[in-house]
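Novice: Pasting a structure below so you can have a look.
Residue numbers (the working numbering): 74 to 504.
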């Protein structure tokens, strides 16, 4: 989708360049899509029913709905005022591209859309665009709603104004969905995308690194529930949202949309809360984490940016967890770091702990990795061939396919070494 959007933007820019090269440029023909479904709904009445106002731009109008969450209000266990992002937080730990944006915290806009399709594509229309930002009196969520697709231009212009004043755009899976969908719509109308020059932070990849271990669900609704105790009652499921919009277009009944708007508002508030929590972890370090899983994820982030000292500290804290899976992953990370530092005995001790913790899952990938690392250590570092062979046997029992073949090859090599050593020992005794 990104490639297609880039091609469309290129066409728009070429058209604009050709227009500037002539003395009397021909007006660009605006592309609009008018669906067959039309409930004949008056935008002013829709605005009144949804508690919003009409936002007009040129020949089209959309509905703008504002909700302000007071600073002392609560979102689950988290107070709204604590969801504001701290400019001192090292956001580049999660996305190194943001290191060049020193003023990223000046005006952060949280963004989420609801669309007519869940898979994207050129025909996907965003009919609700929710934007959230902090003000002196709390957190404002401004939603733009299309009472009819023919009024899309008004929404696009309104979003361009919001993004033009922003220093950072924060989304959840926005690099893959929300932003490409909107860039497609701007290109469809032969407009430049205001997101081209706007710094963008997608919270989904950091969320997966911090909280996505094992079988954990990293959806926004799951994170708000596990981190802040937010439970949505009567929430509209995502798959039902397009159907509700089409129902509104057929009937003009705004009640079909009220639940969609509330769903979107909750997503924007939760996005701010999750982002603030993640940045607080980056600011406070492993000691400030609320769980061993967060310490493990933070250790991996430190390791990714080359901060071995902090990575080791985070892994050591996570290795004290009661959760065996977290402990194994943390010890494995610590073992890798110690080996890179040429602290081979400490690395071997950590791998041994991983193996001991894997008794109930002997065929797990981490168990096989530990057995292989210990076989290599004892063969090439400790020069203890008998111990190395024992670990190689363990690896052979737990491996399959190519790994099993490699384990047999290792066993054969160790057997040859042991045979040669035995012959040397026998020769020495004969003398």
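All residues carry an ideal CB built from backbone N, CA and C; glycine is no exception.
1. Output the distance between the C-alpha atoms of residue 218 and residue 355, rounded to the nearest integer angstrom.
2. Taking only three categories from DSSP, how would you classify residue 357?
3. Is the beta carbon of residue 206 closer than 8 Å to that of residue 182?
4. With a threshold of 7 Å on Cβ separation, who are the neighbours of residue 435 within its own chain once the five nearest residues in sequence on each side are excluded?
5. To which residues does DSSP link residue 218 through a beta bridge?
6. With H, G and I counted as helix, E and B as strand and the rest as coil, what does DSSP make of residue 265?
7. Taking residue 264 as the reference, give the member of 425, 291, 232 and 293 with the closest Cα.
8. What is the DSSP secondary structure of residue 478, reduced to helix, strand or coil?
9. Specify whether the region 155 to 175 and the region 219 to 226 touch according to this definition: at least 3 beta carbon pairs, one from each stretch, less than 8 Å apart.
10. Residue 163 by DSSP, collapsed to three states: which one?
11. Confirm, please, whether the CB-CB distance from residue 420 to residue 403 is below 8 Å.
12. At which residues does the alpha helix (DSSP H) containing residue 303 begin and terminate?
13. In three-state DSSP terms, what is residue 483?
14. Is the beta carbon of residue 428 less than 8 Å from the beta carbon of residue 448?
15. Under 6 Å Cβ to Cβ from residue 462, same chain only, skipping five residues before and after it: list those, please.
16. Could you tell me the alpha carbon to alpha carbon distance between residue 120 and residue 239, rounded to whole angstroms?
17. Quick one: Cα of residue 248 to Cα of residue 275, how far?
18. Between which two residues does the beta strand (DSSP E) harbouring residue 413 extend?
19. Hey, quick one: how far does the alpha helix (DSSP H) through residue 316 stretch, first residue to last?
20. DSSP three-state call for residue 149: helix, strand or coil?
21. What's the C-alpha gap between residue 89 and residue 262?
22. Are the CB atoms of residue 321 and residue 327 nearer to each other than 8 Å?
23. Which first and last residues belong to the alpha helix (DSSP H) in which residue 363 is found?
24. Provide the residue span of the alpha helix (DSSP H) that contains residue 458, from first to last.
25. Pull up the distance between the alpha-carbon of residue 484 and that of residue 453, whole angstroms please.
26. By how many angstroms is the C-alpha of residue 460 removed from the C-alpha of residue 489?
27. Between residue 243 and residue 344, which are expected to be in contact by the criterion C-beta below 8 Å, what is the C-beta distance as a whole number of angstroms?
28. Between which two residues does the alpha helix (DSSP H) holding residue 382 run?
29. Just to confirm, is the Cβ distance from residue 410 to residue 444 under 8 Å?
30. By the 10 Å Cβ neighbour count, where 16 or more other Cβ atoms means buried, how is residue 506 classified, buried or exposed?
31. With 16 other CB atoms within 10 Å as the buried threshold, where does residue 387 fall?
32. Which two residues bound the contiguous beta strand (DSSP E) that contains residue 241?
33. Would you report the Cα separation of residue 324 and residue 131, rounded to the nearest angstrom?
34. If residue 185 sits next to residue 337, beta carbons under 8 Å apart, how far is it from one beta carbon to the other, in whole angstroms?
35. Since residue 333 contacts residue 297 with CB under 8 Å, what's their CB separation in whole angstroms?
36. Excluding sequence positions up to five away, which residues of its chain have a Cβ less than 6 Å from the Cβ of residue 125?
Specialist: Taking the definition as stated:
1. If you number the chain shown from 1, residue 218 lands on position 145. If you number the chain shown from 1, residue 355 lands on position 282. Using only the alpha carbons, I get a separation of about 35 Å.
2. The residue you call residue 357 lines up with position 284 of the chain shown. DSSP places residue 357 in helix when its eight states are reduced to three.
3. Within the chain shown, the letter at position 109 stands for residue 182. Within the chain shown, the letter at position 133 stands for residue 206. Cβ distance < 8 Å, so residue 182 and residue 206 count as in contact.
4. Walking along the chain shown from the start, residue 435 turns up at place 362. Same-chain partners within the cutoff: 471.
5. Start at 1 with the first residue of the chain shown, and residue 218 comes out as number 145. Bridge partners of residue 218: 136 and 201.
6. Position 192 of the chain shown, counted from the first residue, corresponds to residue 265. The answer is coil: DSSP assigns residue 265 none of H, G, I, E or B.
7. The residue given as residue 264 occupies position 191 in the chain shown. Comparing Cα-Cα distances from residue 264 to each of 425, 291, 232 and 293, the minimum goes to 232.
8. One-based indexing of the chain shown puts residue 478 at position 405. Of the three classes helix, strand and coil, the one that applies to residue 478 here is helix, per DSSP.
9. no
10. Working through the chain shown from its first residue, we reach residue 163 at position 90. Here residue 163 sits in coil by DSSP.
11. On the chain shown, residue 403 is found 330 positions in, with the first residue counted as 1. On the chain shown, residue 420 is found 347 positions in, with the first residue counted as 1. Their beta carbons are not under 8 Å apart, which means residue 403 does not touch residue 420 by this criterion.
12. As a working mapping, residue 303 is identified with position 230 in the chain shown. Run containing residue 303: none; DSSP gives neither H nor E here.
13. Residue 483 sits at position 410 when you count from the first residue of the chain shown. Residue 483 falls in the helix class under three-state DSSP.
14. Position 355 of the chain shown, counted from the start, is the residue given in the question as residue 428. Position 375 of the chain shown, counted from the start, is the residue given in the question as residue 448. Cβ distance not < 8 Å, so residue 428 and residue 448 don't count as in contact.
15. For the purposes of this step, residue 462 is taken as residue 389 along the chain shown, with counting starting at 1. Counting only Cβ-Cβ distances below 6 Å, and skipping sequence neighbours, we find 487.
16. As a first step, residue 120 is located in the chain shown; it is residue number 47 there, counting from the start. As a first step, residue 239 is located in the chain shown; it is residue number 166 there, counting from the start. Distance between the alpha carbons of residue 120 and residue 239: 26 Å.
17. For this step, residue 248 is matched to residue 175 along the chain shown. For this step, residue 275 is matched to residue 202 along the chain shown. One C-alpha to the other measures close to 6 Å.
18. Here the question's residue 413 lines up with position 340 in the chain shown. Here residue 413 belongs to no beta strand (DSSP E); instead the alpha helix (DSSP H) covers 397 to 413.
19. Position 243 of the chain shown, counting from 1, holds the residue named residue 316. First-last of the alpha helix (DSSP H) with residue 316: 314 to 324.
20. Counted from its first residue, the chain shown places residue 149 at position 76. Residue 149: coil per DSSP, three-state reduction.
21. Along the chain shown, read from residue 1 onward, the residue named residue 89 stands at position 16. Along the chain shown, read from residue 1 onward, the residue named residue 262 stands at position 189. Bear in mind that a pLDDT of 45 at residue 89, under 50, signals an unreliable position, so the model cannot answer this.
22. Within the chain shown, numbered from 1, the residue matching residue 321 stands at position 248. Within the chain shown, numbered from 1, the residue matching residue 327 stands at position 254. Against a cut-off of 8 Å, the Cβ pair of residue 327 and residue 321 comes out as a contact.
23. For the purposes of this step, residue 363 is identified with residue 290 of the chain shown, where counting begins at 1. First-last for residue 363: undefined, no H or E at that position.
24. Against the chain shown, residue 458 aligns to sequence position 385. Its alpha helix (DSSP H) spans residues 458 to 471.
25. Indexing the chain shown from 1 puts residue 484 at position 411. Indexing the chain shown from 1 puts residue 453 at position 380. Their Cα atoms are separated by approximately 14 Å.
26. Taking the chain shown and counting its residues from 1, the one referred to as residue 489 is at position 416. Taking the chain shown and counting its residues from 1, the one referred to as residue 460 is at position 387. The alpha-carbon atoms of residue 489 and residue 460 are separated by roughly 15 Å.
27. As a position in the chain shown, residue 243 is number 170, starting the count at 1. As a position in the chain shown, residue 344 is number 271, starting the count at 1. Contact holds; Cβ gap of about 6 Å.
28. If you number the chain shown from 1, residue 382 lands on position 309. 381 to 391 is the extent of the alpha helix (DSSP H) around residue 382.
29. Reading the chain shown from its first residue, position 337 is the one you call residue 410. Reading the chain shown from its first residue, position 371 is the one you call residue 444. No; because the gap between Cβ atoms is not below 8 Å, this pair is not in contact.
30. Residue coverage of the chain in this structure runs from 74 to 504, which leaves residue 506 outside it and unanswerable.
31. Against the chain shown, residue 387 aligns to sequence position 314. Flag for residue 387 reads buried.
32. Against the chain shown, residue 241 aligns to sequence position 168. Here the beta strand (DSSP E) through residue 241 covers 241 to 244.
33. In the chain shown, counting from the first residue as 1, residue 324 sits at position 251. In the chain shown, counting from the first residue as 1, residue 131 sits at position 58. If you take the alpha carbons of residue 324 and residue 131, they lie about 26 Å apart.
34. The residue labelled residue 185 in the question sits at position 112 within the chain shown. The residue labelled residue 337 in the question sits at position 264 within the chain shown. That pair is a contact at about 6 Å.
35. Working through the chain shown from its first residue, we reach residue 333 at position 260. Working through the chain shown from its first residue, we reach residue 297 at position 224. 18 Å between Cβ atoms; not a contact.
36. Counting from 1 along the chain shown, the entry for residue 125 is found at position 52. Here the set comprises 136, 137 and 138.
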